[in-house]
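Protein chains in written order, with this note's numbering: chain A, 7 to 339; chain B, 4 to 557.
All C-beta atoms in this analysis are idealised placements derived from N, C-alpha and C, irrespective of residue type, glycine included.
Keep in mind that this is a model prediction, so the values were computed, not measured.
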Amino acid sequence: MSYYLRRITFYVVTMWAAVSLNFLLPRLLPGDPAKIMIGKLRRANGGRPISQEMIDAITSILGSDEGSMWDQYVAYWGRLLQGDLGVSSTRYPAPVADLIAQALPWTIVLVGVATVISFILGIVVGAWVGWRRGTWLDHLVPITTVFQSIPYFWLALVLVAVFSVNLGLFPIIGGYDFFAFPAGPEWSWAFVGSAVTHAILPATTIVLSSVGGWLLGMRNMMVSTLSEDYVVTAEAKGLTPRRIRTKYAARNAAIPSLAGFGIALGFVVAGSIVMEQVFSYPGIGKLMIQSVQGLDYALMQGVFLVITVTVLAANLFMDVIYGFIDPRARHNG
Amino acid sequence: MIRRPKRSIAAAVAAGAAALALALTGCSPSAEAGADSRPLRVWAGSATPINNNFNPFNVDTAVHATYGAIYEPLFFFNQLSSEPPVGLLGDSYEYSEDGTVITVTLKPDLEWNDGEPLTAADVAFTFGYGPNKSEDLVSAEAVDDTTVVLSFSKPQFTGASLILGSTWIVPEHVWGEIDDYMAETNPEPVGSGPYMLKSFTEAAYTVTANEHFRDGEPAVKEVQYIGIDSNQSSQDLLATGQLDWVGQFVANPDSVTGNGVISTLNLQQDPTVIVTCSSAELGCTGPQTDPAVRQAINVAIDRSTIREKAFAGLAGEATPTFMLLPRDEGWLSDPTLEVSPQESNAAEASGILEAAGYAKGVDGFYAKDGQTIELDLFSPDGWTDYNDAAKLISEQAAEAGIKITARTVSDADYWTPISAGDFQLAMYGLAASLVADPYSTYSEYFAGTSTAKVGEDPVSGQNYVRYSNPTVDAAIVAAGATQDEATKRDAYATIHAEIVRDLPYIPVVLNASQSFFNTTDFTGWPSEDDLYAAPLPYTSVANAVVLAHLSPAK
């Protein structure tokens, strides 16, 4: 049991460090949010003077930097433990928790499903390519790798230009058709259909650009596993190729990929900044960009916190799984 | 609504996740229904998720429809013309002789969109409420239902466009109960404009015709404002007929107008400049504090190349007087000041520097007292036209022996040094005055009262160049205190002579603002011949004036 206890202690300490760092990082960034907001306001106002009252109000909105660093740190933890992530300044006066709650489902479903599809596709095809090494199937490796190395936003733009603009098959932007649903999301098959249609191109972009990694890794592991003694033994025993491929080779070859998959799942919540930007997709990645650009401390901390927690949770989960499937981890960890 | 007969099929297929079949049925171009039965779709620049905020006091974060479509000022001042303002809620206004009292007459029988009467009491309330309370305001009183008297402690001749043209009139029966006006999101806005809120989502919101609007319901019954995160998407949506109105930069407008549905108009208004931290007395440091260096840069840069290369040939020629020409032509003191030099003149730049005691070093750059002129020029990362212009300026200045290093910075690194005066040169955009009188430009950007020492933010105004010139200050005061045109013209002539010589802002180009609109399904858009309002969906008031002018094409 001490293996799990050690792991959990490790995660608690990591969590504390991550949250503290999260507190510190925005404060180390240059620039004063109040000045940025006033500057933008003046431009937005077309030269109209800003009353002192307005300036005071802005300073009080963004004036979270009162008291010593330590007082701020204590107050930060206090608010955090109550689930209060503060109020966004770029989206004033929307609460950060609400913004994240609205964006999270879109990101988790789209990026999550795309990541799972990409993983499964990579593993299955990778195993097959590894099994049939030396045949024409090997060409799949460089092809998928090319997709992976193409700049992500460019791939997305090409897909939009071809499939949406020229062929008119897919929508250009959004998480659903807001022309047909001006009142927003609703629980109907029509809406789900719309959301699925809108997810196809963004998901394709993610899958195309990430499947190569899984495929290559799986193929190589498969090749090295196939030269292992137990595979040779299995062949000598006269087992069916299918049984050797799935039960003996692929199963063991997939273990390293599984660890990577755990980490990739953790990062699902970080969203996919570029994809969300290109498709105006209502996810988390965009909140992150906006918060950093607008020096929106509260939003920045909220988003980073959610990401940190999920990455750690995913790692913890993988540790637990590993403890079960690989006894060596339990003893050496 | 758009009829979509295939929707149920699409849904069933989608539920089965049969992607290909779905792709073929799920999304079809939106041109199925006639224009009169569908909303006008606008992108005014909002990114997703759109803020659910209709509070007119949250200038930076409230949604676009708040300004003009829902809340209105008393009068509309058309930036593009020198005609008198158009009455919205107001019918007429009159200044007292000394300019301290403005008497406004409202149109009769006005109503809010909830059916309550809109009276002078609401207007008086608005001027005394929240950030509207100006320091100079003595009182705002409703004399009767349609007359409001605003009294000030100082003459307000030059403030008409701000007081009457951009103070959003709010209903007393709603806002009278709101104390914390900055924290209010006002999700059910009660305004007087042509439209009222129908539905709101993070991705788009819809406004619908206001049946209580004084001129009757507008002809276009619904307008949908959409959130889009990249210019490319909006361009694609325009090209495929899914958007009707956009104001954005498109380097190659033919790609959008090629379908014959969308028309475009390119207006050149706001000058792009190099701001320089100009005053050594106020704490600026660096070679740019020497007027000779600024003058040399002014003649060394090749504005025609910058216009062509950085601004895709869409920008206009800037004037060193920072007036909007031809609108403000009547105030031009000297015809040679109409445009800044458009070609570079390295010889003239050398002459200016040598006369000021600079000499060219072995590295090819000018220096004085052993100090080479080395300047830092920054622009916000991603503002590609500014970034490219800065690069060109750096190259052109180098040819004239002035070393300027161009770099890009994040938004955060951009605003903070500018407002604190901790910079040498930066690319910047000035706003042209809203009315055919450059007064606000001069008082806002050039007056000593609009600046502050380096290290401090200007309390009022945007004189970030730290320009402080008693001659200019006196002329601005003189221009603000009179309605006499000759006196004003003299004052502006003085200002022109000073700022053209001192160049605290080095004009570069006149920024383009392109608008794209669907002239096939909707008629009544402003045109080159009839610029009754700027056809830019993000411009306060003008956007609503345009919307109220439109009607669906039959």
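Could you tell me the distance, in whole angstroms, from the CA atom of residue i to the CA atom of residue j?
i, j, result
"PHE160 of chain B", "TYR508 of chain B", "26 Å"
"THR170 of chain B", "PRO338 of chain B", "36 Å"
"ALA350 of chain B", "ALA299 of chain B", "10 Å"
"PHE314 of chain B", "VAL315 of chain A", "45 Å"
"GLY92 of chain A", "GLY272 of chain A", "24 Å"
"ALA81 of chain A", "TYR254 of chain A", "55 Å"
"ASP293 of chain B", "ASN56 of chain B", "46 Å"
"SER142 of chain B", "GLY300 of chain A", "38 Å"
"GLU35 of chain B", "PHE525 of chain B", "In this predicted model, GLU35 of chain B has a pLDDT of only 40, less than 50, meaning its place in the structure is not dependable enough to derive any value."
"LYS565 of chain B", "LEU268 of chain B", "With chain B covering only 4 through 557, there is no way to say anything about residue 565 of chain B."
"LEU550 of chain B", "ALA109 of chain A", "32 Å"
"THR474 of chain B", "PHE252 of chain B", "39 Å"
"THR106 of chain B", "SER95 of chain B", "8 Å"
"THR246 of chain A", "TRP137 of chain A", "14 Å"
"LEU25 of chain B", "GLY118 of chain A", "Here the model assigns LEU25 of chain B a pLDDT of 33, short of 50, so the residue's position is not dependable and the matter cannot be decided."
"ASP273 of chain B", "SER124 of chain A", "49 Å"
"THR239 of chain A", "SER278 of chain A", "45 Å"
"LEU328 of chain B", "GLU341 of chain B", "8 Å"
"PHE153 of chain A", "SER215 of chain A", "5 Å"
"ILE498 of chain B", "ALA478 of chain B", "7 Å"
"PRO262 of chain A", "TYR158 of chain A", "25 Å"
"PRO359 of chain A", "PRO59 of chain B", "Lying before the first or after the last residue shown, residue 359 of chain A is absent from chain A, which here runs from 7 to 339."
"ARG330 of chain B", "VAL548 of chain B", "20 Å"
"GLU398 of chain B", "ALA303 of chain B", "10 Å"
"MET228 of chain A", "VAL130 of chain A", "11 Å"
"ALA352 of chain B", "GLU402 of chain B", "10 Å"
"ASN213 of chain B", "SER40 of chain B", "17 Å"
"TRP248 of chain B", "ASN521 of chain B", "6 Å"
If contacts are defined as beta-carbon pairs under 8 Å, then residue i and residue j qualify, I think. What distance do you get, rounded to the angstrom?
i, j, result
"TYR74 of chain B", "VAL173 of chain B", "7 Å"
"GLY319 of chain B", "LEU513 of chain B", "3 Å"
"GLY128 of chain A", "VAL274 of chain A", "Their Cβ separation, rounded to whole angstroms, is 16 Å, which puts GLY128 of chain A and VAL274 of chain A out of contact at 8 Å."
"ALA537 of chain B", "GLN245 of chain B", "Not really, about 24 Å apart at Cβ, beyond 8 Å."
"LEU153 of chain B", "GLY93 of chain B", "11 Å between Cβ atoms; not a contact."
"ALA23 of chain A", "THR121 of chain A", "At roughly 26 Å, the Cβ-Cβ gap does not stay under 8 Å, so ALA23 of chain A and THR121 of chain A are not in contact."
"LEU318 of chain A", "THR20 of chain A", "6 Å"
Can you tell me whether residue i is buried or exposed, with buried defined as 16 or more other CB within 10 angstroms of its CB?
i, result
"LEU34 of chain A", "exposed"
"GLU282 of chain A", "buried"
"GLN517 of chain B", "buried"
"ASN472 of chain B", "buried"
"GLN58 of chain A", "exposed"
"GLY131 of chain B", "exposed"
"ASP183 of chain B", "exposed"
"HIS145 of chain A", "exposed"
"ARG243 of chain A", "The identity of residue 243 of chain A in the sequence shown is Lys, whereas the question assumes Arg. Exposed, by the Cβ-count rule."
"THR243 of chain B", "buried"
"SER170 of chain A", "buried"
"PHE323 of chain A", "exposed"
"GLU205 of chain B", "buried"
"GLY373 of chain B", "exposed"
"ASN262 of chain B", "exposed"
"SER155 of chain A", "exposed"
"ASP147 of chain B", "exposed"
For residue i, which of helix, strand or coil comes out of DSSP?
i, result
"GLN235 of chain B", "helix"
"LYS157 of chain B", "coil"
"PRO134 of chain B", "helix"
"GLY319 of chain B", "strand"
"ASN269 of chain B", "strand"
"LEU91 of chain A", "coil"
"ALA362 of chain B", "strand"
"LYS201 of chain B", "strand"
"TYR17 of chain A", "helix"
"LYS110 of chain B", "coil"
"LEU380 of chain B", "strand"
"ARG10 of chain B", "Residue placement at ARG10 of chain B cannot be trusted, given a pLDDT of 33 that sits under 50; what the coordinates show is reported in the next sentence. If DSSP states are grouped into helix, strand and coil, ARG10 of chain B belongs with the helices."
Quick check on the DSSP output: what are the complete alpha helix (DSSP H) runs of length 4 or more inside the stretch 214-269 of chain A, in order along the chain? Listed in chain order, the complete alpha helix (DSSP H) runs (minimum 4 residues) inside the stretch 214-269 of chain A are 235-242.
What are the start and end residues of each continuous alpha helix (DSSP H) run of 4 or more residues lying completely inside the stretch 522-553 of chain B, in chain order? Whole alpha helix (DSSP H) segments, 4+ residues: 545-552.
Return the chain-ordered ranges of every alpha helix (DSSP H) run that is complete within the stretch 268-349 of chain B and spans a minimum of 4 residues. Qualifying alpha helix (DSSP H) stretches, in chain order: 294-303 and 306-312.
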